[in-house]
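There are 2 protein chains.
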Amino acid sequence: MTRLRADNHPARKSAAESFQIWTGSDFDMALCPVRSVLDRIGDKWTTLTVIALAQHPHRFSELCRAIPDISKRMLTQTLRALERDGLLTRRVFPTKPPSVEYQLTELGESLLEPLNVLIAWAEKTQPMIATAQAEFDAADPSRG
Amino acid sequence: MTRLRADNHPARKSAAESFQIWTGSDFDMALCPVRSVLDRIGDKWTTLTVIALAQHPHRFSELCRAIPDISKRMLTQTLRALERDGLLTRRVFPTKPPSVEYQLTELGESLLEPLNVLIAWAEKTQPMIATAQAEFDAADPSRG
DNA sequence: CAGAATCCAATAGGATACTG
DNA sequence: CAGTATCCTATTGGATTCTG
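This is the structure we're talking about:
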């Protein structure tokens, strides 16, 4: 239907439609799924935390060790946001000293699939991107 | 696929493997595909720009109007980064006044598919997430 | 152990003015 | 038109200290 290019594939129109009628109309960023999902997973630690929990439930300090270089402060923040979104559950065991277990919900696990697609793209295209960067930087070193 | 929590769901292990041996070993964030891809698309304007270009090539000012609230400064930065990564091409027409056309490369178009999967997840789960947030905030209003 | 609280540095991003 | 340049603010995230 929309023959924009010779190799037209459905992803073109799909992306635009998911993004809605954002051109020239009333557009609310908060309601845009593109932005909302990236606000959710686009930060430094969220995806790493989700992937760590994908393997098995973790305790707080276990996560702290499992995720390289994360601070307790950022781990707390990240876990809180994920809990609030319903992507994981937090269970407190009143032992002494206390222990807390974090576990992905079904909703949280459902995020793994889109994440894997994205990661697969990253791995597949990484050599091409590295080449492109090298060429760009060589062509105009001042903009490296 | 509606059965989200299948034990041994392939997405579980796949995510962890893509992430590599990041636990307790030598881990370089720059080499982690999870972080590299999010550093690339996780910012405020990159995905919106890519999706705008998914429909057809755009000129600079055309993009500026098409993407709500973006400034010329941020558009320039975003386009430059995408060009450097080889996701789009920049063609200058020496007309008067000059015009510049930005167009996705095949590599850039290949990003649309993972993006669509992610957006589809966002749209599908948005009601569940909204509910979870409301419950969380109701349970402890101080942390809203 | 599992955080909370506080302070500080780095970066992202917005507003405005100027240019070939 | 298609940017640059400069300034400024807001947000992110790191380091440290304290607590039940």
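Protein sequences appear in the order of chains R and H. For the first sequence, position 31 matches number 31 in our numbering, and the numbering has no gaps at all. For the second sequence, position 89 matches number 1089 in our numbering, and the numbering has no gaps at all. Glycine residues also receive a C-beta, built at the ideal position from the N, C-alpha and C atoms. Computed from a predicted model, the values in this text were never measured in an experiment.
- Spanning the alpha carbons of D69 of chain R and H56 of chain R requires a straight line of approximately 20 Å.
- Residue state for S1036 of chain H is assigned as helix, using DSSP reduced to three classes.
- With a threshold of 8 Å between beta carbons, S1110 of chain H makes contact with chain R.
- CA-to-CA, the gap between D140 of chain R and E1106 of chain H works out to about 23 Å.
- In this structure G108 of chain R touches V50 of chain R by the C-beta definition: roughly 6 Å separates them, less than 8 Å.
- For T1047 of chain H, the chain R residues whose Cβ falls inside 7 Å of its Cβ are V34, L38, in order along the chain.
- Per DSSP, the unbroken alpha helix (DSSP H) holding L82 of chain R starts and ends at 72-84.
- Note on geometry: alpha-carbon atoms of L104 of chain R and L53 of chain R lie some 6 Å from one another.
- Here T1095 of chain H carries a coil assignment [DSSP, helix/strand/coil].
- By DSSP's assignment, V100 of chain R forms a beta bridge with R:V92.
- Contact check for P1010 of chain H and E123 of chain R: beta-carbon distance about 16 Å, past the 8 Å limit, so the pair fails to qualify.
- Between the C-alpha atoms of L1112 of chain H and L1075 of chain H there is a straight-line separation of about 19 Å.
- Flagged as an interface residue toward chain H: L115 of chain R, by a C-beta distance shorter than 8 Å.
- Taking 8 Å as the CB threshold, E62 of chain R stays off the interface with chain H.
- As a beta-bridge residue in DSSP terms, R1059 of chain H pairs with H:E1101.
- Contact between V1092 of chain H and F1060 of chain H does not hold, since their C-beta atoms are separated by about 10 Å, which reaches or exceeds 8 Å.
- A straight line joining the alpha-carbon of L1063 of chain H with that of P1127 of chain H spans about 31 Å.
- DSSP, read as helix, strand or coil, puts W121 of chain R in helix.
- For a Cβ distance threshold of 9 Å, residue set E1083, R1084, D1085, G1086, L1087, T1105, L1107 of chain H lies close to A132 of chain R, ordered along the chain.
- The C-beta of Q77 of chain R comes no closer than 8 Å to any C-beta of chain H.
- Taking Q133 of chain R as reference, the option from H:W1121, H:W1045, H:T1089, H:E1017 with the minimal CA-CA separation is H:T1089.
- For a Cβ distance threshold of 8 Å, residue set A1054, Q1055, E1109, L1112 of chain H lies close to R12 of chain R, ordered along the chain.
- Flagged as an interface residue toward chain R: P1068 of chain H, by a C-beta distance shorter than 8 Å.
- Between A15 of chain R and L1115 of chain H, the gap from beta carbon to beta carbon is short of 8 Å.
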